[in-house]
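Residue numbers (our numbering): 32 to 121.
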């Protein structure tokens with residue numbers, strides 16, 4: 032079973048509007064996600080050890096989503112319109 036961590040919660044549109052600075056993600060929420068995800072992986076490993084089998088697997092969705100936020104051009108042609116990412120080659 033795959034257990035996902037939290038994504039880049041400081042970069043979601045609502046947080047960008049409320050907490051973002053100079054168009055950037057909320058540092059506080061990004062830091063919280065960076066602390067949470069490794070601890071989640073540790074808990075999953077401990078649980079698998081307790082069960083005696085690798086039933087659960089952790090996925091670092093924060094890093095995957097952060098790559099999309101920081102490098103959207105790698106995923107297609109995008110234009111930033113008021114913090115809304117619009118794909119132009121659909």
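For glycine and all other residues, C-beta sits at the position ideal for the given N, C-alpha and C.
None of the values given here were measured: they were computed from a predicted structure.
Bridge partners for residue 33 per DSSP, in chain order?
As a working note, residue 33 is residue 2 in the chain shown. Answer is 88, bridged to residue 33.
Consult DSSP for residue 38 and reduce its assignment to one of helix, strand or coil.
By one-based count along the chain shown, residue 38 stands at place 7. Coil at residue 38, not helix or strand.
If you check the beta carbons only, do residue 57 and residue 41 fall under 8 Å apart?
In the chain shown, the residue the question calls residue 57 occupies position 26. In the chain shown, the residue the question calls residue 41 occupies position 10. Yes.
Test item: CB-CB of residue 68 and residue 93 under 8 Å:
As a working mapping, residue 68 is identified with position 37 in the chain shown. As a working mapping, residue 93 is identified with position 62 in the chain shown. Yes, they are a contact pair.
Where do the ends of the alpha helix (DSSP H) carrying residue 58 lie?
For the purposes of this step, residue 58 is taken as residue 27 along the chain shown, with counting starting at 1. Unbroken alpha helix (DSSP H) run through residue 58: 58-82.
Return the Cβ separation of residue 60 and residue 89 in integer angstroms, given the expectation that the two are a contact with Cβ distance under 8 Å.
Along the chain shown, one-based indexing puts residue 60 at 29. Along the chain shown, one-based indexing puts residue 89 at 58. With 8 Å as the limit, residue 60 and residue 89 do not qualify as a contact, their Cβ atoms being about 20 Å apart.
Sequence-distant residues of its chain with Cβ nearer than 8 Å to residue 64 (five each side left out)
Looking up residue 64 in the chain shown gives position 33. Closer than 8 Å at Cβ, skipping near neighbours: 36, 37, 38, 39, 40, 41 and 93.
Near residue 97, which residues of its chain fall below 7 Å by C-beta distance, leaving aside the five closest residues on each side in sequence?
Here residue 97 corresponds to residue number 66 of the chain shown, with the count starting at 1. Excluding residues within five positions, the ones whose Cβ falls inside 7 Å are 39.
Determine the burial state of residue 74: buried for a count of at least 16 other Cβ atoms within 10 Å of its Cβ, exposed for fewer.
Mapped onto the chain shown, residue 74 falls at position 43. Residue 74 should be labelled exposed.
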